[in-house]
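Chain order of the listed sequences is C and E. At position 200 of the first sequence (counting the first as 1) the number is 200 in our numbering, and the numbers step up by one without a gap. At position 60 of the second sequence (counting the first as 1) the number is 60 in our numbering, and the numbers step up by one without a gap. All C-beta atoms, glycine included, are put in the ideal place defined by N, C-alpha and C.
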Amino acid sequence: MNPLSSRHALRPFLAGLCLCCASIAIAAEDGWSQSQVALRRLTEAQYRQTIADLFGADLQIPGRFEHDIRTEGLLAVGAARETYSPGGLEQYDLNARSIAGQITDAAHRKVLVSCGPARANQFDEKCAARFLGRVGEGLFRRPLSANELKDAVRVATAAFKAQADFYLGLQYALVVFLESPNFLFRVETAHVTESGNYELDAVSKAGRLSFFLWNAPPDDELLKAALSRSLNTRGGLSRQVERLMASPRLEQGVRAFFSDMLGYESFERLNLDPAIYPRFNNAVASDAREESLRLIVDQLITEKADYRDLFTTRKTFLTRRLGSIYRVPVANATGWSEYEFSPDAGRAGLLTRAAFLETTSNPGTTSPTLRGKAIRELFLCQHVPPPPGNVDFSIVQDTKNSILTTSRLRFQAHTREPMCAGCHKIMDPLGLAFEHFDGTGQARLTENGTPIDASGRLDNKPFNDASEFNAVLHNDPALASCLVSRALAYGIGRAPGEREQDALTVLKKEFTADGYRYIDLLRQMTSSDYFYKLDVPKNDEQKHAGSRVSAEKQTKG
Amino acid sequence: MNDLVTRRGILRGIVGGAAVTVALPLLDCLLNDNGTAFANGSPLPIRFGTWFWGCGNQAIRFTPLQFGADWEITPELKAYEDLRKQINVFSNFDVKLDSMTNDPHVTALWAQRTGVVPSRETLADPPTYDVIIADAIGTNSRFKSLEVSCSGQPMHSYSRRSALDINPAEPSPMALYRRIFGSDFRDPNATDFEPDPALMARQSVLSAIKDQRVAIQGTLGASDRQKLEAYFDSLRQIEHQLTLQMQAPPPAMACVVPKPPDARDAGGFDLAAASASNKIVSELLAMALACNQTRVFNVVFNEATSSLHKPGESYTHHSYTHNEPVDPKLGYQPNVAAFTDAQMSAYATLIKSLAAIREGDQTLLDNCLVLGHSESSYARLHSAENLPMITAGSAGGRIKTGLHVDGRKEATSRVILTAMQVMGVPVERFGSRSMETNKPLTELLLA
């Protein structure tokens with residue numbers, strides 16, 4: 001497997017040629033004086049995917065990554081706002097040096113560096129430029145400028161001179177790309193249109209599109225469509241959208257989005273006690289996460305099902321380990337088996353599966369509050385205010401109190417205290433619907449010997465248990481509406497602002513009219529103009545307008 | 001605080017800047033007769049650290065009854081019985097909320113560390129005081145500061161330049177060891193020094209990256225420009241490390257390169273695992289200071305909403321603070337107290353690790369100021385008043401120790417301002433609104 005050469009084998013022209021057209025393209029399309037640039041920090045998954053796409057999946061990445069902070073409901077929005085701390089960048093420096101070393105080591109260079117001098121102690125400048133131009137383009141997601149390539153070759157030459165090793169020279173030059181802000185940030189460039197909007201240039205469009213649909217950088221064909229400006233035409237954009245959506249890589253993009261929206265980073269901090277739950281261990285947790293992602297991919301991509309049905313379906317995918325949590329037989333001793341829960345198992349939809357139930361629990365008990373909060377915030381995009389200071393919670397979770405045997409009884413205190421009631425009425429009744437499932441997702445009928453009552457109301461609609469709750473949730477307009485808002489925010493890297501409200505309304509209507517098909521939503525979104533706009537803060541815009549005027553004056557002068 | 005530079009200057013003088021192999025004199029001859037300063041008069045370096053524990057204390061078993069020097073050890077301070085002459089205990093210092101919302105485990109944490117009470121929607125943006133101190137004293141060491149989490153989580157760090165520029169924590173003793181004593185480490189007491197030729201090539205890499213700056217920067221909006229600035233600041237920090245590595249490190253008398261820790265001691269939410277991690281981390285950090293690798297460290301034993309847990313128990317430490325009834329006979333929450341006692345022991349372990357290293361006729365601890373604190377006092381009520389703080393070390397004889405200090409309901413910022421000034425930060429005031437102060441605790445200061 002030769003990812004780099006196969007990737008570029010598709011391209012008939014040489015890096016040098018490509019470079020020229022790019023410089024022309026960028027200059028002609030925007031003109032620097034009228035372009036606005038925004039930076040979005042590359043996520044760990046996007047970094048890993050880029051390295052795997054360009055150099056093969058066998059490369060080791062030894063360092064850690066910056067941690068994204070959930071903002072406006074998404075890590076992707078946090079990533080778009082954050083930077084690289086000194087300690088954090090040190091890790092990327094470590095990664096860059098390690099990756100560059102592996103690419104140029106004796107085993108990989110044969111595959112990844114297709115040209116080279118006769119002997120390693122000679123310097124082949126043409127080869128260095130060609131190799132670095134190609135790699136740089138892959139990492140920067142655009143062709144290099146002449147200066148960028150010249151600088152990289154200069155670093156390679158200097159390092160070669162010091163140690164008389166061609167590949168060591170390339171190694172140092174690779175670090176220039178791998179540690180560059182042009183790689184570590186997704187650089188999005190926009191220009192002002194006559195209507196005053198900031199529209200992404202074609203290369204930035206390509207990046208936004210492929211990170212949204214694939215969680216990966218643009219491939220050759222997409223970049224080519226950008227450089228030829230075909231992406232700026234309706235037909236050209238539509239062809240690329242259809243191509244990306246038909247690719248098996250769409251699954252990767254869908255998994256990345258839902259891992260973010262569903263808060264699956266909390267699996268890294270799961271704190272369930274195996275002493276209390278002997279059937280639980282890290283492998284179960286890992287399978288639980290995979291089960292839900294498989295179900296999402298199956299329902300939304302393969303079956304093209306109604307998004308809302310994800311919350312009521314009895315279908316799932318199981319391993320033997322998960323079988324022991326759900327107490328159902330799993331045919332295959334290893335790997336995954338498709339399975340349908342019986343109607344009386346109460347396992348209707350995503351929220352009755354181990355991933356949701358485990359990530360919203362205490363080490364040895366459920367937490368109806370955390371479960372209710374997660375449903376409100378993650379699936380309905382509703383904000384639950386944090387508790388006020390100076391509140392005494394002590395009666396709420398005293399499991400040793402012989403009278404308050406169940407969560408419901410203990411949590412009644414929340415609604416008795418007026419200070420607590422306001423918010424807990426929003427959360428607890430939703431979470432209590434899932435009390436038939438313990439902290440690891442195993443079914444139970446009683447707690448401390450008392451039968452569990454899982455009934456309640458969701459915004460005045462009554463339910464008796466989790467299945468009925470999920471049926472109510474299925475028809476809650478906020479469920480579908482939340483997905484649309486989150487998907488758009490994920491794509492554009494910020495919560496939709498005032499300018500996008502009309503577009504959001506239209507999108508939601510279309511999503512409803514199309515039968516809540518996620519695939520259609522993706523197509524709708526990525527085919528529309530508003531998906532490719534840059535939001536420029538008011539004061540920046542004024543400054544920008546100022547610089548435009550002065551630029552014009554300069555031109556006239 | 002430029003002793004490193006001074007001594008480097010001396011060494012550069014010896015080797016004339018060109019330097020291939022240099023034999024370095026080993027030690028005490030560089031100190032004065034009392035072992036309290038370098039022979040050229042510059043004082044031994046002072047260092048600063050923070051040690052954070054989540055979910056506070058219970059005043060009834062924490063706060064000594066007496067103020068001043070003659071205070072008696074309380075149950076929650078029992079771990080410091082042998083250390084009481086080297087520490088100060090602070091009580092009656094508050095976070096002043098100015099009728100802002102007290103977001104549990106969040107507001108009082110950032111208010112203490114930045115001097116600004118964050119609003120509910122946006123977290124406080126100014127830098128934490130440890131970053132300001134590191135800017136003042138950390139610029140000549142390899143790492144400006146080192147952050148560690150004993151619960152195994154890189155994001156458990158309360159050190160940040162802004163809300164979007166957070167210093168991630170090393171999540172395990174092994175990660176910390178590799179960062180400090182891994183392949184880029186230069187033993188200050190090695191008799192030979194040969195600059196690694198690869199370092200120059202690495203410098204040229206960084207300078208090529210810096211050349212890309214102008215092309216991006218010109219067209220950025222304000223927030224993105226800040227982001228890029230921060231990125232380049234971080235890049236310069238790496239560049240600075242390379243510069244230091246190209247010079248012969250000044251000798252460090254107390255530096256003994258430690259052995260790699262057992263990778264199984266990775267920390268975690270399990271209380272015993274976190275404590276075991278803390279012990280190794282304490283020894284590694286003490287050596288990082290003694291070996292001149294850093295002047296500033298920040299340990300988070302566990303996060304503010306403590307996920308610490310004991311095997312077989314249904315609840316975390318944090319859950320206990322809210323759901324455990326106060327024992328009517330004891331007058332406190334016994335399960336919570338057990339966690340706090342373990343946390344106090346862990347902090348005492350760090351202090352003892354610093355005290356175990358001799359520098360001249362003093363100890364490393366004497367040349368440190370460590371500030372231990374939590375995000376709340378009575379976590380059951382998320383209380384932001386009477387916040388517990390314990391300092392250790394006398395910052396090279398600059399502050400008195402052995403005291404229980406009465407804050408008289410004033411802002412925690414007074415303690416922070418004192419620490420900043422003691423560490424040589426040229427700052428007159430700290431904090432905003434009711435958290436603002438220009439009054440250091442003069443009763444603590446030694447001439």
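Is residue i close to chain C? Criterion is C-beta to C-beta, closer than 8 Å.
i: residue 209 of chain E; result: yes
i: residue 67 of chain E; result: no
i: residue 72 of chain E; result: no
i: residue 144 of chain E; result: yes
i: residue 191 of chain E; result: no
i: residue 284 of chain E; result: no
i: residue 461 of chain E; result: Beyond the ends of chain E as shown, which are 1 and 447, falls residue 461 of chain E; an answer cannot be given.
i: residue 29 of chain E; result: Bear in mind that a pLDDT of 41 at residue 29 of chain E, under 50, signals an unreliable position, so the model cannot answer this.
i: residue 227 of chain E; result: yes
i: residue 293 of chain E; result: no
i: residue 375 of chain E; result: no
i: residue 212 of chain E; result: yes
i: residue 436 of chain E; result: no
Between which two residues does the beta strand (DSSP E) containing residue i stretch?
i: residue 98 of chain C; result: That residue, residue 98 of chain C, is in no beta strand (DSSP E); its alpha helix (DSSP H) goes 86 to 103.
i: residue 317 of chain C; result: 315 to 318
i: residue 409 of chain E; result: 404 to 411
i: residue 36 of chain C; result: 35 to 41
i: residue 463 of chain C; result: 461 to 463
Check whether chain E comes within 8 Å of residue i, counting only Cβ atoms and requiring the distance to be less than that.
i: residue 180 of chain C; result: yes
i: residue 51 of chain C; result: no
i: residue 279 of chain C; result: no
i: residue 172 of chain C; result: yes
i: residue 536 of chain C; result: yes
For residue i, which residues of its own chain have a beta-carbon under 7 Å away from its beta-carbon, when the five flanking residues on both sides are left out?
i: residue 456 of chain C; result: 429, 432, 433 and 463
i: residue 61 of chain E; result: 74, 75, 76, 332 and 337
i: residue 62 of chain C; result: 94, 95 and 98
i: residue 23 of chain E; result: Residue placement at residue 23 of chain E is poorly supported in this model, since its pLDDT is 32, which falls under 50; the coordinates are not used for a value here.
Counting only Cβ pairs nearer than 7 Å, list the residues of chain E close to residue i.
i: residue 67 of chain C; result: 154, 155 and 168
i: residue 387 of chain C; result: 104
i: residue 203 of chain C; result: Per Cβ cutoff of 7 Å: no residues; residue 203 of chain C is ~14 Å from chain E at best.
I want to verify the contact list: residues of chain E whose CB lies under 8 Å from the CB of residue i, in sequence order.
i: residue 176 of chain C; result: 205, 208 and 209
i: residue 362 of chain C; result: 314, 315, 316 and 319
i: residue 566 of chain C; result: Only positions 1 to 557 of chain C appear in the structure, and residue 566 of chain C is not among them; the question remains open.
Would you mind telling me which residues of chain E sit closer than 9 Å to residue i, beta carbon to beta carbon, in chain order?
i: residue 163 of chain C; result: 197, 198 and 201
i: residue 365 of chain C; result: 314, 315 and 319
Considering only residues of the same chain and omitting the five flanking positions on each side of residue i, which have a CB-CB separation below 8 Å?
i: residue 363 of chain E; result: 354, 355, 356 and 357
i: residue 429 of chain E; result: 417, 436, 437 and 438
Hey, could you find the ends of the alpha helix (DSSP H) residue i is sitting in?
i: residue 189 of chain E; result: Premise fails: residue 189 of chain E is in no alpha helix (DSSP H) and is neither H nor E.
i: residue 224 of chain C; result: 220 to 227
i: residue 456 of chain C; result: Not the alpha helix (DSSP H): residue 456 of chain C falls in the beta strand (DSSP E), residues 456 to 458.
By Cβ distance, which residues of its chain are closer than 6 Å to residue i, with the 5 residues on each side in sequence left out?
i: residue 113 of chain C; result: 131
i: residue 318 of chain C; result: 330, 337 and 339
i: residue 335 of chain E; result: 320 and 324
Can you pull the chain C neighbours of residue i, defined as C-beta to C-beta under 7 Å?
i: residue 237 of chain E; result: 86
i: residue 130 of chain E; result: What residue 130 of chain E touches in chain C: nothing, since even the nearest Cβ is about 13 Å away.
i: residue 165 of chain E; result: 83 and 85
Examine the ligand GTP and report whether any of its heavy atoms sits within less than 7 Å of the Cβ of residue i.
i: residue 70 of chain C; result: With respect to the ligand GTP, the structure offers nothing, as it holds no ligand at all.
Mind pulling the chain C residues with CB within less than 8 Å of residue i?
i: residue 230 of chain E; result: 83, 84 and 85
What does residue i reach in chain A if we use C-beta pairs closer than 9 Å?
i: residue 384 of chain C; result: No chain A appears in the structure shown, which is made up of the protein chains C and E.
Within 7 Å of chain C by C-beta, residues of the segment 305 to 333 of chain E in sequence order: 307, 309, 311, 312, 313, 314, 315, 316, 319, 322, 323, 324 and 325
Where the segment 69 to 95 of chain C meets chain E: residues whose CB sits under 7 Å from a CB there: 81, 82, 83, 84, 85, 86, 87, 88, 89, 90 and 93
Contacting positions in the segment 137 to 159 of chain C - beta carbon closer than 9 Å to chain E: 145, 147, 148, 151, 152, 154, 155, 158 and 159
Within 9 Å of chain E by C-beta, residues of the segment 259 to 288 of chain C in sequence order: 268, 269, 271, 273, 274, 275 and 276
Interfacial residues, the segment 255 to 273 of chain E to chain C, with Cβ spacing under 8 Å: 269
Contact list for the segment 49 to 66 of chain E against chain C, Cβ threshold 8 Å: none
Residues of the segment 314 to 330 of chain C whose Cβ lies closer than 8 Å to any Cβ of chain E, in chain order: The residues in question: there are none.
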